[in-house]
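Taken in order, the sequence shown gives residues 19 to 140; the numbers are from the working numbering. Beneath this line is the structure, given in structure tokens, with notes to follow.
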Amino acid sequence: MLAGVALEEDCVDFQGNKVNHGMLYVPGPGVCSLCVCYHSEPLWCKAIYCDPPYFCKNFRVGERCCEFECLDPPGEDKLYQERMRKRAEILAGNSTACQLQVAPLAVSTIMLGYLGNSFLSL
Numbered sequence: 019m020l021a022g023v024a025l026e027e028d029c030v031d032f033q034g035n036k037v038n039h040g041m042l043y044v045p046g047p048g049v050c051s052l053c054v055c056y057h058s059e060p061l062w063c064k065a066i067y068c069d070p071p072y073f074c075k076n077f078r079v080g081e082r083c084c085e086f087e088c089l090d091p092p093g094e095d096k097l098y099q100e101r102m103r104k105r106a107e108i109l110a111g112n113s114t115a116c117q118l119q120v121a122p123l124a125v126s127t128i129m130l131g132y133l134g135n136s137f138l139s140l
């Protein structure tokens, strides 16, 4: 090997997958940090913050970032009942209910675009 030549070594994400040098990935153990793989090390990491579900009093954090599981008994809360009604409308193909579900996806896409662009400008 030549002196002064650095190898662009790969990283490993929290699930054990190989990530190429220079790519964005989630190193773990926390799943809400996004980093750049830089010579086998996480660098320029940014935290991703998520609000818990508004309709749950008790919840458990899932394996993925921003994944929550509501632990409240079904029907206990009026907001929970409203959520289940909207879910039924979506499953039935009600287009107005489907429009309500598009906004969180758009926010997530914008957020990931922002994170990607902010890493590129470093």
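Don't be surprised by glycine CBs; every beta carbon is placed ideally from N, CA and C. These numbers come from a predicted model, not from an experiment.
Asked: Cα-Cα separation between GLY46 and PRO71, rounded to whole angstroms; Found: 23 Å
Asked: Assigned exposure category for GLU27 - 16 Cβ within 10 Å defines buried; Found: exposed
Asked: 8 Å Cβ cutoff met for CYS55 and MET41; Found: yes
Asked: Per-residue DSSP class, three states only, for SER126; Found: Model confidence at SER126 stands at a pLDDT of 47, short of 50, so the residue's coordinates are unreliable; what they give is reported in the following sentence. In this structure, SER126 counts as helix in the three-state DSSP scheme.
Asked: Reduced DSSP category for GLU59 - H, G, I as helix; E, B as strand; rest coil; Found: strand
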